[in-house]
Amino acid sequence: MGCIFCKIVKGEIKARTILETQKSLAFLDAFPLALGHSLVIPKKHYEKIQDMTSDDNADLFDLVHKAVSMVDKITGATLLAVHNGKASGQEIPHVHVHLVPRSSNDTAGPIHSMFSKKSKFSDKEFDDVMIKIKSN
Numbered sequence: 024m025g026c027i028f029c030k031i032v033k034g035e036i037k038a039r040t041i042l043e044t045q046k047s048l049a050f051l052d053a054f055p056l057a058l059g060h061s062l063v064i065p066k067k068h069y070e071k072i073q074d075m076t077s078d079d080n081a082d083l084f085d086l087v088h089k090a091v092s093m094v095d096k097i098t099g100a101t102l103l104a105v106h107n108g109k110a111s112g113q114e115i116p117h118v119h120v121h122l123v124p125r126s127s128n129d130t131a132g133p134i135h136s137m138f139s140k141k142s143k144f145s146d147k148e149f150d151d152v153m154i155k156i157k158s159n
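According to our numbering, the stretch in the sequence shown is residues 24 to 159, in order.
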């Protein structure tokens, strides 16, 4: 398998590890958006969060909880981001959580600034999508 994160887990590619459990790994991003930008991944290969076992999911987010407490001490604010599938912007098809230190003078904005087109939906559209999500 050519997954870069799987190669990091196997020790084939060096990573600057900050925390590790039996099932998950937290390390500095090799291409950071800010100093301290870190990634938390499950050691087992999963493409999307919903593919994960409950145990692996719990371990991953327990490690996210611990790592964000550490990363947050850099600037006092941390963006947590998960791209869940290629269409969402996921570049590496292995579940990973970004922990990006933020500050008031960085060039990033709130999540809504990522989208240049601002969508407007009717009450019916909101109700329909709520029903669709709940029925799955």
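All C-beta atoms, glycine included, are put in the ideal place defined by N, C-alpha and C.
What would DSSP say about residue 123, mapped onto helix, strand or coil? Per DSSP, reduced to three states, the secondary structure at residue 123 is strand.
TODO: With a threshold of 16 other CB atoms inside 10 Å of the CB of residue 124, please say whether the residue is buried or exposed.
DONE: buried
Query raised in the report: Between residue 100 and residue 41, which are expected to be in contact by the criterion C-beta below 8 Å, what is the C-beta distance as a whole number of angstroms?
Result: In fact, because the Cβ distance is near 18 Å, the residues do not count as touching under 8 Å.
Counting pairs of Cβ atoms below 8 Å between the region 71-85 and the region 25-42, do you hit three or more? With the cut-off at 8 Å, the region 71-85 and the region 25-42 do not touch.
- From residue 56 to residue 77, what distance separates their C-alpha atoms? 30 Å
Let me make sure I understand the geometry here. Which of 79, 126, 97 and 133 has the alpha-carbon closest to that of residue 104? Per the Cα distances, 133.
Proximal residues to residue 95 (C-beta, below 7 Å), its chain only, five neighbours per side dropped
A distance below 7 Å between beta-carbons, with the five flanking residues on each side excluded, links residue 95 to the following residues of its chain, in chain order: 101.
Reference residue 93, options 50, 110 and 158, closest by Cα = 50
Exercise. Over the uninterrupted beta strand (DSSP E) stretch that includes residue 90, give me the two end residues.
Key: Not the beta strand (DSSP E): residue 90 falls in the alpha helix (DSSP H), residues 77-98.
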